[in-house]
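Residue numbers (this note's numbering): 1 to 306. All C-beta atoms in this analysis are idealised placements derived from N, C-alpha and C, irrespective of residue type, glycine included. First up is the structure itself, then whatever we jot down about it.
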Ligand code: ATP
């Protein structure tokens with residue numbers, strides 16, 4: 001059996017003369033939480049739609065569970081999908097919404113609907129109609145609907161979009177639990193790397209339809225590793241101490257009082273002491289992690305094209 005639950009090979013999709021997806025080849029391992037990161041219009045939704053059979057590629061192929069998918073493939077039954085807003089019946093309760101999908105799937109098992117609602121933390125909603133649900137509750141119900149039929153692969157397109165911080169935390173909790181307890185493979189898209197990095201195991205960075213990089217979370221954190229931020233009354237003299245006493249070369253002057261040091265992080269205490277001994281007033285000296293967003297923006301060329 002293949003290790004990969006999903007592979008795409010040179011997947012391409014054009015709309016007129018617009019290349020929405022351009023030769024994308026990805027490989028996703030069973031049990032992964034794979035984050036697809038890209039700006040608006042990068043091609044995330046199109047890619048997820050092709051994988052789930054809601055759109056069809058112009059070229060290239062998709063392999064699900066090691067087999068090539070076709071338009072009528074029953075492999076797609078093993079894929080749960082939440083793309084854009086969930087299609088909910090506003091005048092029905094959470095239970096009734098899930099029940100309708102279960103009927104459509106021919107599932108009639110005692111306690112099944114309640115267990116799905118429990119998994120997304122909505123088992124308490126009782127008679128409340130979904131039109132009165134918060135956006136976060138609606139998204140979680142959308143996940144419950146995507147879980148009907150016990151999919152092996154869950155595709156979620158920007159599930160945290162528009163949610164408040166509490167709603168985002170709740171969705172994150174639901175996904176981590178699903179991954180841990182049921183070993184479901186999850187692909188989740190977002191335009192915020194910082195947010196994705198909190199739950200994913202691996203990340204694919206997509207821009208203008210092209211997959212720019214695939215990277216494990218650990219590797220990403222390694223790349224965006226720590227630096228020392230020094231706020232000093234005298235940048236020039238501080239640099240002299242760093243160079244002469246510590247041999248530091250990897251540093252950057254940010255402004256008249258701020259310096260970033262990218263090496264000898266573990267010696268930050270000694271550096272602080274040496275600067276004080278040299279009678280340089282240090283306003284602050286702290287270890288900082290380079291922002292993941294900086295990394296993403298650098299990779300995609302920066303700036304917004306929206
Ligand atoms: P967003 O977060 O804004 O949805 P995205 O990364 O999901 O962005 P897609 O929706 O996949 O991006 O769109 C990729 C490109 O393909 C965009 O330039 C978009 O305008 C174009 N596109 C998507 N769907 C269609 C369509 N049905 N017809 C024509 N162009 C389309």
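Residue(s) in a DSSP beta bridge with residue i
{"i": "residue 17", "result": "Paired residues: none, contrary to the question."}
{"i": "residue 288", "result": "227"}
{"i": "residue 260", "result": "229 and 252"}
{"i": "residue 276", "result": "For residue 276, which the question treats as bridged, DSSP gives no partner whatsoever."}
{"i": "residue 153", "result": "79 and 185"}
{"i": "residue 24", "result": "11"}
{"i": "residue 308", "result": "The structure shown does not extend to residue 308, since the chain is modelled only from 1 through 306, so no value can be given for it."}
Endpoints, the beta strand (DSSP E) within which residue i is located
{"i": "residue 267", "result": "Per DSSP, residue 267 belongs to no beta strand (DSSP E) and is neither H nor E."}
{"i": "residue 213", "result": "210-216"}
{"i": "residue 185", "result": "185-190"}
{"i": "residue 34", "result": "33-37"}
Residue span of the alpha helix (DSSP H) that contains residue i, given as start and end
{"i": "residue 238", "result": "235-246"}
{"i": "residue 139", "result": "135-147"}
{"i": "residue 180", "result": "165-182"}
{"i": "residue 195", "result": "193-196"}
Heavy atom of the ligand ATP within 7 Å of residue i beta-carbon
{"i": "residue 158", "result": "yes"}
{"i": "residue 44", "result": "yes"}
{"i": "residue 210", "result": "no"}
{"i": "residue 146", "result": "no"}
{"i": "residue 204", "result": "no"}
{"i": "residue 34", "result": "no"}
{"i": "residue 85", "result": "no"}
{"i": "residue 38", "result": "yes"}
{"i": "residue 41", "result": "yes"}
{"i": "residue 129", "result": "no"}
{"i": "residue 20", "result": "yes"}
{"i": "residue 283", "result": "no"}
Could you tell me which uninterrupted alpha helix (DSSP H) segments, each at least 4 residues in length, are contained entirely in the region 68-121, listed from first to last along the chain? 94-105 and 112-119
Could you say if the region 131-139 and the region 54-63 meet the contact criterion of at least three C-beta pairs nearer than 8 Å? no
Sufficient close CB pairs (3 or more, under 8 Å) joining the region 42-50 to the region 201-213: yes
Closer than 8 Å is the cut-off here; do at least three beta carbon pairs connect the region 160-173 with the region 91-98? no
So, does the region 48-56 touch the region 76-83, judging by three or more C-beta pairs under 8 Å? yes
With a floor of 3 residues, list each beta strand (DSSP E) that falls wholly inside the region 43-71, ordered by position along the chain. 59-64
Looking at C-beta atoms only, is the number of pairs between the region 215-224 and the region 235-245 that lie closer than 8 Å three or more? no
Indicate whether the contact test is met: 3 or more Cβ pairs, each with one atom in the region 170-190 and one in the region 27-35, closer than 8 Å. yes
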